[in-house]
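Numbering-wise (our numbering), the sequence shown opens with residue 1 and increments by one.
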Amino acid sequence: MQNPSYLTPEALTTFIRTALAEDIGDGDHSTLAAIPAYARNRAHLLVKGEGILAGVELAHLIFREVDADLQVEQRLNDGQEVKHGDIAFIVEGRSQSILTAERLVLNCMQRMSAIATKTAYLTSLMAGTKAKLLDTRKTTPNFRICEKWAVLIGGGVNHRYGLFDGIILKDNHVDYAGGIRQAVEATKAYLARTNRQLPIVVETRTLAEVQQVIEIGGIERIMLDNMPPAKLREAVDLIAGRFPTEASGGITEDTIAEVAQTGVDFISVGALTHSVKSLDLSLKAF
Numbered sequence: 001m002q003n004p005s006y007l008t009p010e011a012l013t014t015f016i017r018t019a020l021a022e023d024i025g026d027g028d029h030s031t032l033a034a035i036p037a038y039a040r041n042r043a044h045l046l047v048k049g050e051g052i053l054a055g056v057e058l059a060h061l062i063f064r065e066v067d068a069d070l071q072v073e074q075r076l077n078d079g080q081e082v083k084h085g086d087i088a089f090i091v092e093g094r095s096q097s098i099l100t101a102e103r104l105v106l107n108c109m110q111r112m113s114a115i116a117t118k119t120a121y122l123t124s125l126m127a128g129t130k131a132k133l134l135d136t137r138k139t140t141p142n143f144r145i146c147e148k149w150a151v152l153i154g155g156g157v158n159h160r161y162g163l164f165d166g167i168i169l170k171d172n173h174v175d176y177a178g179g180i181r182q183a184v185e186a187t188k189a190y191l192a193r194t195n196r197q198l199p200i201v202v203e204t205r206t207l208a209e210v211q212q213v214i215e216i217g218g219i220e221r222i223m224l225d226n227m228p229p230a231k232l233r234e235a236v237d238l239i240a241g242r243f244p245t246e247a248s249g250g251i252t253e254d255t256i257a258e259v260a261q262t263g264v265d266f267i268s269v270g271a272l273t274h275s276v277k278s279l280d281l282s283l284k285a286f
């Protein structure tokens, strides 16, 4: 899998250093007090649940940032199915360094694995349709880079990363602008005026709004928000392949299969990143 544009070495280094500074402050005093500086040891990453593993590549980067001399023997890869008792990797080196890196590695991997697991599960429910699963911006502040990455590992597709790399005209934009046409025309004028090329997605709530977007044109995708399956089918028929379609709003594991069968191209689910239970992982000395 080719890394997306947001997964740059600079962005990952910034995330890791900020997270370590938050946790360590002026020192990991528990470790500094109890463990001699010369002590060396090893630990393994123990899986204590079932799901899709994510964050192994990030763990390498965290260990390297804490101590470049730490050695990681990787046994499992990002995206692999795991079960209770599996060992993802073994890390060996200075005991102090292992202990200092431990919590950040676990916090990232547990949440990333949960997101990857949820993504893979929902994707499996869409089997046999053309629909692709999208994430949203309903992410944890300062942790979006990991959450979006985890969606990719689980087999999903990233929506825009932030407010800067794509335009989505949602209901509030439309209402504040005075209507669909005003919002789209103002957006096109803004892009021309600022010499920007950004995809435009327009959220619609009714078939009348869908028709307006079709007539206006010049957009990337039509979002069909909070429409029941029967209405989604009508919208897909109305659009007739002229624009890609995206179903959004309150879609759950109980409804996603029926939504996918309406013929939409994409389904966006905020719960991928805002409502998951972390996969139980543990870094154990042995």
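Even glycine gets a Cβ: it sits at the ideal position worked out from N, Cα and C.
| query | result |
| --- | --- |
| Would you kindly report the start and end of the unbroken alpha helix (DSSP H) that includes His-293? | The question about residue 293 has no answer, for the chain in this structure spans 1 to 286. |
| Is the CB of Leu-45 under 9 Å away from at least one CB in chain D? | The chain inventory of the structure shown lacks chain D, comprising one protein chain alone. |
| According to DSSP, what are the bridge partners of Ala-247? | Leu-224 and Ile-267 |
| Could you give the residue range of the beta strand (DSSP E) that holds Phe-47? | For the record, residue 47 in the displayed sequence is Val; it is not Phe. Val-47 -> beta strand (DSSP E) spans 40-47. |
| Opposite Gly-51 in the DSSP bridges: which residues? | Val-82 |
| If distances are taken between C-alpha atoms only, which option among Glu-65, Leu-169 and Arg-42 comes closest to Thr-13? | Glu-65 |
| Ordered along the chain, which non-local residues of its own chain (more than five positions away) have a Cβ less than 6 Å from that of Gly-79? | Ile-153 |
| Among Asn-195, Leu-7, Ile-200 and Asn-172, which has the Cα closest to the Cα of Val-184? | Ile-200 |
| Report the residue from Lys-130, Leu-104 and Asp-135 whose alpha carbon sits nearest the alpha carbon of Thr-119. | Asp-135 |
| Pull the bridge partners of Ile-145 from the DSSP assignment, please. | DSSP, once it has assigned bridges, lists no residue as partnering Ile-145. |
| Please look up how many angstroms separate the CB atoms of Ile-115 and Val-276, rounded, as I've assumed it's under 8 Å. | 6 Å |
| Using 8 Å as the cut-off, can you tell me whether the region 74-93 makes contact with the region 248-261, which would need three or more C-beta pairs spanning the two stretches below that distance? | no |
| Within 10 angstroms of its Cβ, does His-159 collect 16 or more other Cβ (buried), or is it exposed? | buried |
| Near Arg-181, which residues of its chain fall below 8 Å by C-beta distance, leaving aside the five closest residues on each side in sequence? | Gln-212 and Ile-216 |
| In chain order, what residues of the same chain have a beta carbon less than 8 Å from the beta carbon of Leu-238, not counting five sequence neighbours either side? | Leu-207, Val-210, Gln-211 and Ile-214 |
| Which partner residues does Ser-5 have in the DSSP bridge list? | For Ser-5, which the question treats as bridged, DSSP gives no partner whatsoever. |
| Which residues in the same chain have their Cβ closer than 6 Å to the Cβ of Leu-99, if we skip the five residues on either side of it in sequence? | Thr-31 |
| Name the two residues that bound the continuous beta strand (DSSP E) containing Glu-92. | 87-94 |
| Nearest to Tyr-121 by alpha carbon, out of Glu-22, Glu-234 and Val-151? | Val-151 |
| Between which two residues does the beta strand (DSSP E) holding Ile-167 run? | 167-169 |
| So for Ser-97, helix, strand or coil by DSSP? | helix |
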